[in-house]
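Just so you know, numbering that gives the first Met the number 0 puts 48 at position 49 of the sequence shown, and the rest follows in order with no gaps. Glycine included, every Cβ here is placed at the ideal spot set by N, Cα and C. This report concerns only the one structure given below.
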Amino acid sequence: MIQIKFLIKGYDFAKAKSIQFSNKHEENLKIMYEIAREAIIREKTSDYEQLMIVCCSIIVTETRKNSITSTIQEKVLEEISKYQSLIQTTKEIKHMSIDIKVDSIPRKVLELSFNSKRCLI
């Protein structure tokens, strides 16, 4: 079982979302990642759900590799940075907290902070 909880805080909003799926459906996450990534690039717009799907794919892959939290944070920030100039959504985010639980792997919590020019850990 894979569970990922997002808490996204902006300058004047806060959103909490959870994504949960079984290991059988993990391949679907990769398909959803490609669709979300392509939509962001093509439309130059995004909503928070698309951004979360992009993050989820990286998070699950790196968690399965048993990567340390700082490595996962760097990869997520690197991915978000690719789209930061394209989409307004990333400019509205001030802080993102991600709680990850994948199978029996110990729970990981990522804390990401953003400013208007670039992403910070």
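Can the beta-carbon of residue 99 be found less than 8 Å from the beta-carbon of residue 3? Taking the sequence shown and counting its residues from 1, the one referred to as residue 99 is at position 100. Taking the sequence shown and counting its residues from 1, the one referred to as residue 3 is at position 4. Closer than 8 Å, so yes.
Between residue 56 and residue 32, is the Cβ-Cβ spacing less than 8 Å? Counting from one through the sequence shown, the residue named residue 56 turns up at place 57. Counting from one through the sequence shown, the residue named residue 32 turns up at place 33. Cβ atoms of residue 56 and residue 32: closer than 8 Å.
Residues of its chain near residue 75, where Cβ-Cβ distance is below 7 Å and the 5 sequence neighbours each way are ignored: Within the sequence shown, residue 75 is the residue found at index 76, counting from 1. Here the set comprises 54, 57, 58, 109 and 111.
Just tell me which of 105, 113 and 95 has its CA closest to the CA of residue 5. Translated into the one-based positions of the sequence shown, residue 5 becomes position 6. The shortest Cα separation from residue 5 among 105, 113 and 95 belongs to 95.
Length at least 3, wholly inside the region 5-60: the beta strand (DSSP E) runs in chain order: 13-20
8 Å contact criterion, which residue 113 and residue 92 should meet: CB distance rounded: Walking along the sequence shown from the start, residue 113 turns up at place 114. Walking along the sequence shown from the start, residue 92 turns up at place 93. Yes, residue 113 and residue 92 are in contact; Cβ-Cβ is about 5 Å, under 8 Å.
Give me the residue from 1, 103, 69 and 82 with the minimum Cα distance to residue 41. Working through the sequence shown from its first residue, we reach residue 41 at position 42. Looking at the Cα atoms, 82 is the closest of the given residues.
Whole-angstrom Cβ separation of residue 71 and residue 61, contact assumed at under 8 Å? Counting from one through the sequence shown, the residue named residue 71 turns up at place 72. Counting from one through the sequence shown, the residue named residue 61 turns up at place 62. Yes, they are in contact, since the Cβ atoms of residue 71 and residue 61 sit about 4 Å apart, within 8 Å.
Measuring straight from C-alpha to C-alpha, what distance separates residue 46 and residue 77? As a first step, residue 46 must be located in the sequence shown, where it is residue number 47. As a first step, residue 77 must be located in the sequence shown, where it is residue number 78. In a straight line, the C-alpha of residue 46 is about 18 Å away from that of residue 77.
My assumption, with CB atoms under 8 Å, is that residue 20 sits in contact with residue 1. Please give the rounded CB distance. The residue given as residue 20 occupies position 21 in the sequence shown. The residue given as residue 1 occupies position 2 in the sequence shown. The Cβ separation is near 6 Å, so the contact holds.
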